[in-house]
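K.L.:
Residue numbers (the numbering used here), protein chains in the order written: chain A, 1 to 179; chain B, 1 to 151.
Built from N, CA and C at the ideal position, the CB exists for glycine as well.
It should be emphasised that the depicted structure is a prediction, and the values quoted were computed from it without experimental measurement.
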Amino acid sequence: MNVRFIPIASLLILSLFGCVTSMPQSPAEFRRVIPGSFMGNMDAFEVNRPLHDVASTFKARSAECLNVTVKSTSKSRSSIGTIQSSTVVTRYKSTVVAASEQAELHVQFHHESGVVGVHKEPAGGNYLMIVDAVPLDKSRTKITMYHPKFGYDALVTGVKGWATGKSAGCPDMSTVQAL
Amino acid sequence: MILRTVLILFSIVLIAGCSGTRAYPDSSPHNVRIHTAVSGVTAVMDIHRITSRCETEYVGTVALDTPSIEIAVPAGKPSLIVVTFLYSSFLRQTSRTTSYDTELTPRAKSIYNIHVSYADKIYDVRVRETDVQSSVSRELARRGPETCKPS
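#1: Just to confirm, are Leu64(B) and Thr36(B) a CB contact at a threshold of 8 angstroms?
#2: Taking only beta carbons into account, state which residues of the segment 149 to 173 of chain A come closer than 8 angstroms to chain B, listed in chain order.
#3: With a CB to CB cut of under 6 angstroms and the five nearest residues on each side skipped, what residues in its chain are close to Thr57(A)?
#4: On the CB-based measure, 16 or more other CB atoms within 10 Å of its CB, does Asn126(A) come out buried or exposed?
#5: With distance defined between alpha-carbon atoms, name the residue in Lys138(A), Glu104(A) and Ser72(A) nearest to Glu112(A).
#6: Could you tell me which chain B residues have their CB closer than 9 angstroms to the CB of Thr73(A), listed as they occur along the chain?
#7: Please report the distance separating the alpha-carbon of Gly144(B) from that of Ile80(A).
#8: Per DSSP, what kind of secondary structure is Pro145(B) in: helix, strand or coil?
#9: Under the DSSP definition of a beta bridge, which residues are partnered with Met129(A)?
#10: Taking its Cβ as the centre, do 16 or more other Cβ atoms sit within 10 Å of His30(B), making it buried, or is it exposed?
#11: Whole angstroms are fine: how far does the CA of Thr175(A) sit from the CA of Tyr152(A)?
#12: With distances taken between CB atoms, is the gap from Val107(A) to Ser86(A) smaller than 8 angstroms?
#13: Mind pulling the chain A residues with CB within less than 7 angstroms of Arg142(B)?
#14: With a cut-off of 8 angstroms, do at least 3 Cβ pairs link the segment 52 to 63 of chain B to the segment 129 to 137 of chain B?
#15: Please list, in chain order, all residues of the same chain as Lys149(B) whose beta carbon is under 8 angstroms from its beta carbon, the five residues on each side excluded.
#16: From Ser78(A) to Gln84(A), what distance separates their C-alpha atoms?
#17: Do Ile50(B) and Val73(B) come within 8 angstroms of each other at the CB atom, strictly closer than that value?
#18: Name the residues in the segment 22 to 54 of chain B whose C-beta lies less than 7 angstroms from a C-beta of chain A; which are they?
#19: Whose Cβ in chain B lies nearer than 9 angstroms to the Cβ of Thr175(A)?
#20: Along chain A, in chain order, which residues have C-beta atoms closer than 7 angstroms to that of Asp124(B)?
#21: Determine the contact status of Tyr118(B) and Val38(B), defining contact as a CB-CB distance below 8 angstroms.
#22: Locate the alpha helix (DSSP H) running through Ser56(A), then write down its first and last residues.
#23: Could you check the C-alpha separation between Ala141(B) and Val127(B) for me, to the nearest Å?
#24: With 16 other CB atoms within 10 Å as the buried threshold, where does Lys121(B) fall?
#25: Does any heavy atom of the ligand SAH sit closer than 7 angstroms to the C-beta of Lys75(A)?
#26: Given a cut-off of 8 angstroms on the beta-carbon distance, is the pair Thr141(A) and Pro50(A) in contact?
#27: Output yes or no for whether 8 angstroms exceeds the beta carbon distance between Met39(A) and Phe150(A).
#28: Can you tell me which of Thr105(B), Ile34(B), Ala43(B) and His115(B) puts its alpha carbon nearest to the alpha carbon of Leu161(B)?
#29: Spatial neighbours of Arg91(A) within its chain, please: CB distance less than 6 angstroms, with the 5 preceding and 5 following residues excluded, ordered by chain position.
#30: Specify, as a first and last residue, the run of the beta strand (DSSP E) that Gly201(A) falls within.
#31: Identify the residues that DSSP records as bridge partners of Cys170(A): which are they?
#32: On a Cα-Cα basis, can you pick out the residue from Gln25(A), Asp53(A) and Pro24(A) that is closest to Asp137(A)?
#33: Using 8 angstroms as the threshold, is the C-beta distance between Phe45(A) and Tyr146(A) below it?
#34: Please say whether Pro27(A) and Ile143(A) have beta carbons closer to each other than 8 angstroms?
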């Protein structure tokens with residue numbers, strides 16, 4: 001992650017939710033805010049896999065790929081010529097909630113250092129992505145993804161690969177927010 | 001190829017600073033084959049010995065700079081395999097790393113194929129165990145160091 005872009009990324013995160021004074025505190029609130037926000041995006045598509053398979057993949061891959069802590073360091077030269085180094089530590093957390101009629105993947109993040117939080121964070125960190133999976137029939141599932149429009153392509157691509165079953169690879173979370 | 005190897009080793013040294021990175025010792029028999037397909041990043045593999053107290057002791061680093069490399073990992077003893085993907089931009093003065101680790105305890109009469117890939121910000125590390133006599137193979141699930149129990 002390029003730390004010089006952290007302020008930009010933070011602004012984009014804020015612009016996700018418009019001129020709000022707080023971040024979404026629950027998955028339901030995140031789903032409600034994202035579709036109408038300038039920088040938010042909602043994708044919906046169908047996959048030829050039963051809900052159970054999709055949920056199993058979400059559980060296995062998210063546990064392996066998304067519960068990570070990323071440390072990023074960047075150096076920049078100040079106006080007086082000195083080299084300044086910045087480090088940001090971000091912890092990501094995933095949760096899969098699976099039932100017979102729906103599965104959900106929640107991805108949250110929390111800056112452990114390097115970024116000052118100005119809004120109240122929900123438990124586990126701010127929401128970054130919510131994915132809903134509901135069965136269309138015994139062999140097909142509808143996927144709906146709520147996520148930021150820019151800067152998170154690796155995460156979106158990775159989760160889409162898990163949903164479709166075409167790829168089990170992990171998104172490189174160190175690239176997230178690298179705008 | 002020599003220049004590339006030198007650059008990769010130089011990168012490893014840069015990453016490690018003066019922390020003592022060293023090449024993984026070559027021994028035999030080669031029981032682990034590492035297949036690498038990465039683009040846009042440099043990949044290395046650190047091998048650590050896991051002690052009975054679940055502590056790790058660094059053994060060495062393998063530069064994953066060729067499509068296929070064979071190494072020897074002691075059979076019957078747990079090792080921690082750590083694959084690190086490094087992206088570094090000199091002009092932008094930025095660098096980032098992503099690591100994947102898993103415990104591996106090779107069996108005496110098995111060979112292990114480790115497939116390492118990185119493309120378009122998506123990485124994958126797969127470990128497949130094949131019994132030499134029966135040719136039966138299976139994919140091994142990741143076992144992180146947190147699963148180790150002191151004996």
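P.N.:
Taking the definition as stated:
#1: The count along the second sequence starts at 1 and reaches residue 64(B) at position 64. The count along the second sequence starts at 1 and reaches residue 36(B) at position 36. Yes.
#2: For the segment 149 to 173 of chain A, which is checked against every Cβ of chain B, the residues closer than 8 angstroms are Asp153, Ala154, Thr157, Gly158, Gly161, Ser167, Ala168, Gly169, Cys170, Pro171, Asp172 and Met173.
#3: For the purposes of this step, residue 57(A) is identified with residue 57 of the first sequence, where counting begins at 1. Close CB contacts of Thr57(A) within its chain, under the 6 angstroms cut and outside five residues either way in sequence, are with Trp162 (chain order).
#4: On the first sequence, position 126 is the one that residue 126(A) refers to. By the 10 Å Cβ count, Asn126(A) comes out buried.
#5: Counting from 1 along the first sequence, the entry for residue 112(A) is found at position 112. Check the Cα spacing between Glu112(A) and each of Lys138(A), Glu104(A) and Ser72(A): the tightest is with Ser72(A).
#6: Residue mapping note: residue 73(A) aligns to position 73 of the first sequence, counting from 1. Listed along the chain, the chain B residues whose CB falls inside 9 angstroms of the CB of Thr73(A) are Thr94, Ser95 and Arg96.
#7: As a working mapping, residue 144(B) is identified with position 144 in the second sequence. As a working mapping, residue 80(A) is identified with position 80 in the first sequence. Rounded to the nearest whole angstrom, the C-alpha separation of Gly144(B) and Ile80(A) is 46 angstroms.
#8: What you label residue 145(B) is simply residue 145 of the second sequence in a count that begins at 1. Reduced to three states, the DSSP call for Pro145(B) is helix.
#9: Locating residue 129(A) in the first sequence gives position 129, where the first residue counts as 1. Answer by DSSP bridge pairing, in chain order: Val107(A).
#10: If you number the second sequence from 1, residue 30(B) lands on position 30. Of the residues assessed, His30(B) falls on the exposed side of the cut-off, its CB having fewer than 16 other CB atoms within 10 angstroms.
#11: Start at 1 with the first residue of the first sequence, and residue 152(A) comes out as number 152. Start at 1 with the first residue of the first sequence, and residue 175(A) comes out as number 175. The straight-line gap from Cα to Cα measures roughly 8 angstroms.
#12: The sequence position of residue 107(A) within the first sequence is 107, counting from 1. The sequence position of residue 86(A) within the first sequence is 86, counting from 1. No. Outside cutoff.
#13: Within the second sequence, the letter at position 142 stands for residue 142(B). By Cβ distance, chain A contributes Glu64.
#14: The count of Cβ pairs closer than 8 angstroms, one atom from the segment 52 to 63 of chain B and one from the segment 129 to 137 of chain B, stays below three, leaving the stretches out of contact.
#15: Taking the second sequence and counting its residues from 1, one reaches residue 149(B) at position 149. Taking Lys149(B) as the centre and dropping the five residues before and after it, the same chain places the C-beta of Cys54 closer than 8 angstroms to its C-beta, in chain order.
#16: Your numbering for residue 78(A) matches position 78 in the first sequence. Your numbering for residue 84(A) matches position 84 in the first sequence. So the two alpha carbons sit approximately 7 angstroms from each other.
#17: Counting from one through the second sequence, the residue named residue 73(B) turns up at place 73. Counting from one through the second sequence, the residue named residue 50(B) turns up at place 50. No, they are not a contact pair.
#18: So the list is empty, because no residue satisfies the distance condition.
#19: Residue 175(A) sits at position 175 when you count from the first residue of the first sequence. Under the 9 angstroms cutoff, chain B gives Tyr87, Arg96, Thr98 and Lys121.
#20: As a first step, residue 124(B) is located in the second sequence; it is residue number 124 there, counting from the start. Result: Ala168, Gly169 and Cys170.
#21: For the purposes of this step, residue 118(B) is taken as residue 118 along the second sequence, with counting starting at 1. For the purposes of this step, residue 38(B) is taken as residue 38 along the second sequence, with counting starting at 1. It is a contact, given that the beta carbons lie within the stated cut-off.
#22: Here residue 56(A) refers to the residue found at position 56 when the first sequence is read from its first residue. It spans Leu51 to Cys65 - the alpha helix (DSSP H) in which Ser56(A) sits, taken as one unbroken run.
#23: Taking the second sequence and counting its residues from 1, one reaches residue 141(B) at position 141. Taking the second sequence and counting its residues from 1, one reaches residue 127(B) at position 127. Their Cα atoms are separated by approximately 8 angstroms.
#24: The residue given as residue 121(B) occupies position 121 in the second sequence. It counts as buried.
#25: The model on display carries no ligand, and the ligand SAH is accordingly not part of it.
#26: For the purposes of this step, residue 141(A) is identified with residue 141 of the first sequence, where counting begins at 1. For the purposes of this step, residue 50(A) is identified with residue 50 of the first sequence, where counting begins at 1. Contact: yes.
#27: Start at 1 with the first residue of the first sequence, and residue 39(A) comes out as number 39. Start at 1 with the first residue of the first sequence, and residue 150(A) comes out as number 150. Between Met39(A) and Phe150(A), the C-beta gap is smaller than 8 angstroms, which places the two residues in contact.
#28: The requested residue 161(B) is not part of the displayed model; chain B covers only 1 to 151.
#29: Counted from its first residue, the first sequence places residue 91(A) at position 91. Taking C-beta separations shorter than 6 angstroms and ignoring five residues to either side along the sequence, the partners of Arg91(A) in its chain run Thr69, His110 and Glu112, following chain order.
#30: The displayed coordinates of chain A run from 1 to 179. Any statement about residue 201(A) would go beyond what the structure contains.
#31: Position 170 of the first sequence holds residue 170(A). Assignment of beta-bridge partners to Cys170(A) by DSSP yields Tyr123(B).
#32: Taking the first residue of the first sequence as position 1, residue 137(A) is located at position 137. Of Gln25(A), Asp53(A) and Pro24(A), the smallest CA-CA separation from Asp137(A) is found for Asp53(A).
#33: Here residue 45(A) refers to the residue found at position 45 when the first sequence is read from its first residue. Here residue 146(A) refers to the residue found at position 146 when the first sequence is read from its first residue. Against a cut-off of 8 angstroms, the Cβ pair of Tyr146(A) and Phe45(A) comes out as no contact.
#34: Counting from 1 along the first sequence, the entry for residue 143(A) is found at position 143. Counting from 1 along the first sequence, the entry for residue 27(A) is found at position 27. Not a contact, by the Cβ cut-off of 8 angstroms.
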